[in-house]
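*Asks:*
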Amino acid sequence: MRDFKNIRGWCFDLHGVITDSWIYHAMAWEETAELLGVKWTPDIQEQLKGRDRLDSLEFILEAGGLQDKYSDEEKQAIAERKNQRYLKYLQKMNPNDILPGIQELLDDLTANGYKMIIASASQNAPLEIEKLGLTKYFSQVVDVTKLAHNKPAPDVFLKAAEMLDLSVDQCVGIDDGAIGVESINAAKMVSIGVGDKQILHEADIIVPTSNELTIQNVRQAFN
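Using the numbering used here, the first residue of the sequence shown is number 19, and each one after it goes up by one.
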């Protein structure tokens, strides 16, 4: 693994790392799946982590054997209706939704002069950062609508490093989903997984919870 002393940038996924808003996404997708006649399962919920809106819908349709039932235009409409459900849930979001330990981590990173950026698959990331009261930490958010490919392709993390004016060797990427870790690894960054070590086994570093995502723990893992 690379030398921690060279790390200057931290590229964060949003859902499951900064905030628990993933539950709002899951609720909106579960409602969508039920309307489509697809049985919602814990495996589907886990597999959607890190996917963008249309990719998530494609996964649900395939799980229900419905991949050929809808036109591209109909899929766009279904995905948009899901997003409207999500935005209704999102109105409840506030700084209390920041995951444990993250506020302290962001303060610590700021005090030590690290650069930070949001590298999320969600198009709603800027709104969520605003509602969480974290815009002072994240002045930059990767606009996934302008990328050729979303996760698991490396584009979002490559763009994050570019926006921070750093090389990928100078950055770590943090994600809670296997697809996100795959994206970080494809970008040739050091990957940090937050969550289950079996699901995130491809990550270079794994911490079980956001509380354990600290500069000290990451530094020790490098060493």
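Quick reminder that beta carbons are idealized off the backbone N, C-alpha and C, glycines included.
Give the straight-line distance between the Cα atoms of residue 121 and residue 164, rounded to the nearest whole angstrom.
*Replies:* Taking the first residue of the sequence shown as position 1, residue 121 is located at position 103. Taking the first residue of the sequence shown as position 1, residue 164 is located at position 146. Each residue's Cα considered, the two are about 29 Å apart.
*Asks:* Determine the closest residue to residue 206 out of 179, 240, 230, 194, with distance taken between C-alpha atoms.
*Replies:* Stepping through the sequence shown from its first residue, residue 206 is reached at position 188. Closest option to residue 206, Cα to Cα, is 179.
*Asks:* Specify, as a first and last residue, the run of the alpha helix (DSSP H) that residue 77 falls within.
*Replies:* As a position in the sequence shown, residue 77 is number 59, starting the count at 1. Looking at the DSSP string, the run of the alpha helix (DSSP H) that includes residue 77 is 71-81.
*Asks:* Mind checking who residue 28 pairs with in its DSSP beta bridge?
*Replies:* Counting from 1 along the sequence shown, the entry for residue 28 is found at position 10. The partner list for residue 28 (beta bridge, DSSP) reads 134, 190.
*Asks:* Beta-carbon separation of residue 137 and residue 175 under 8 Å?
*Replies:* Mapped onto the sequence shown, residue 137 falls at position 119. Mapped onto the sequence shown, residue 175 falls at position 157. Cβ atoms of residue 137 and residue 175: closer than 8 Å.
*Asks:* Between which two residues does the beta strand (DSSP E) harbouring residue 209 extend?
*Replies:* Position 191 of the sequence shown, counted from the start, is the residue given in the question as residue 209. Note, residue 209: beta strand (DSSP E), 208-212.
*Asks:* For residue 239 and residue 96, what's the separation of their Cα atoms in angstroms?
*Replies:* As a working note, residue 239 is residue 221 in the sequence shown. As a working note, residue 96 is residue 78 in the sequence shown. Those two C-alpha atoms are separated by around 43 Å.
*Asks:* What span of residues does the alpha helix (DSSP H) with residue 199 cover, start to end?
*Replies:* Against the sequence shown, residue 199 aligns to sequence position 181. Looking at the DSSP string, the run of the alpha helix (DSSP H) that includes residue 199 is 196-204.
*Asks:* Should residue 101 be listed as close to the ligand SAH, given that the test is whether its C-beta is under 7 Å from any heavy atom?
*Replies:* Here there are no bound small molecules, and the ligand SAH is not part of this structure.
*Asks:* Between the alpha carbons of residue 197 and residue 94, how many angstroms are there, rounded?
*Replies:* Here residue 197 is taken as the residue at index 179 of the sequence shown, counted from 1. Here residue 94 is taken as the residue at index 76 of the sequence shown, counted from 1. C-alpha separation (whole angstroms): 22 Å.
*Asks:* So what's residue 233 in DSSP terms, helix, strand or just coil?
*Replies:* Residue 233 sits at position 215 when you count from the first residue of the sequence shown. Residue state, collapsed to three classes: helix.
*Asks:* With DSSP as the reference, identify every bridge partner of residue 159, one or two as the case may be.
*Replies:* The sequence position of residue 159 within the sequence shown is 141, counting from 1. Looking at the DSSP assignment, residue 159 forms a beta bridge with 136.
*Asks:* State the Cα-Cα distance for the pair residue 229 and residue 88, rounded to the nearest angstrom.
*Replies:* For the purposes of this step, residue 229 is identified with residue 211 of the sequence shown, where counting begins at 1. For the purposes of this step, residue 88 is identified with residue 70 of the sequence shown, where counting begins at 1. Computed Cα separation, rounded: 42 Å.
*Asks:* Within 10 angstroms of its Cβ, does residue 167 collect 16 or more other Cβ (buried), or is it exposed?
*Replies:* As a working note, residue 167 is residue 149 in the sequence shown. Residue 167 is exposed by the Cβ-count criterion.
*Asks:* From residue 21 to residue 210, what does the alpha carbon distance come to, in whole angstroms?
*Replies:* Numbered from its first residue, the sequence shown carries residue 21 at position 3. Numbered from its first residue, the sequence shown carries residue 210 at position 192. Their Cα atoms are separated by approximately 15 Å.
*Asks:* Have a look at residue 173 and residue 55 and give me their C-alpha separation to the nearest angstrom.
*Replies:* Locating residue 173 in the sequence shown gives position 155, counting from the first residue. Locating residue 55 in the sequence shown gives position 37, counting from the first residue. If I take the Cα positions, the gap works out to 33 Å.
*Asks:* Counting along the chain, where does the alpha helix (DSSP H) carrying residue 62 start and finish?
*Replies:* Along the sequence shown, one-based indexing puts residue 62 at 44. First-last of the alpha helix (DSSP H) with residue 62: 60-65.
*Asks:* Which class does residue 35 belong to by DSSP, given the choice of helix, strand or coil?
*Replies:* Residue mapping note: residue 35 aligns to position 17 of the sequence shown, counting from 1. Correct three-state label for residue 35: coil.
*Asks:* Touch check for the region 50-64 and the region 107-116: three-plus C-beta pairs under 8 Å?
*Replies:* At 8 Å Cβ cutoff, the stretches do not touch.
*Asks:* If you measure between the beta carbons of residue 104 and residue 46, is that distance less than 8 Å?
*Replies:* Here residue 104 is taken as the residue at index 86 of the sequence shown, counted from 1. Here residue 46 is taken as the residue at index 28 of the sequence shown, counted from 1. Against a cut-off of 8 Å, the Cβ pair of residue 46 and residue 104 comes out as a contact.
*Asks:* Below 7 Å CB to CB, which residues in the same chain sit around residue 221 once its five sequence neighbours on both sides are set aside?
*Replies:* Translated into the one-based positions of the sequence shown, residue 221 becomes position 203. Closer than 7 Å at the Cβ level, and outside the excluded window around residue 221, lie 199, 209, 210, 211.
*Asks:* What is the DSSP secondary structure of residue 174, counted as helix, strand or coil?
*Replies:* For this step, residue 174 is matched to residue 156 along the sequence shown. Helix, per DSSP.
*Asks:* According to DSSP, is residue 223 part of a helix, a strand, or is it coil?
*Replies:* If you number the sequence shown from 1, residue 223 lands on position 205. In this structure, residue 223 counts as strand in the three-state DSSP scheme.
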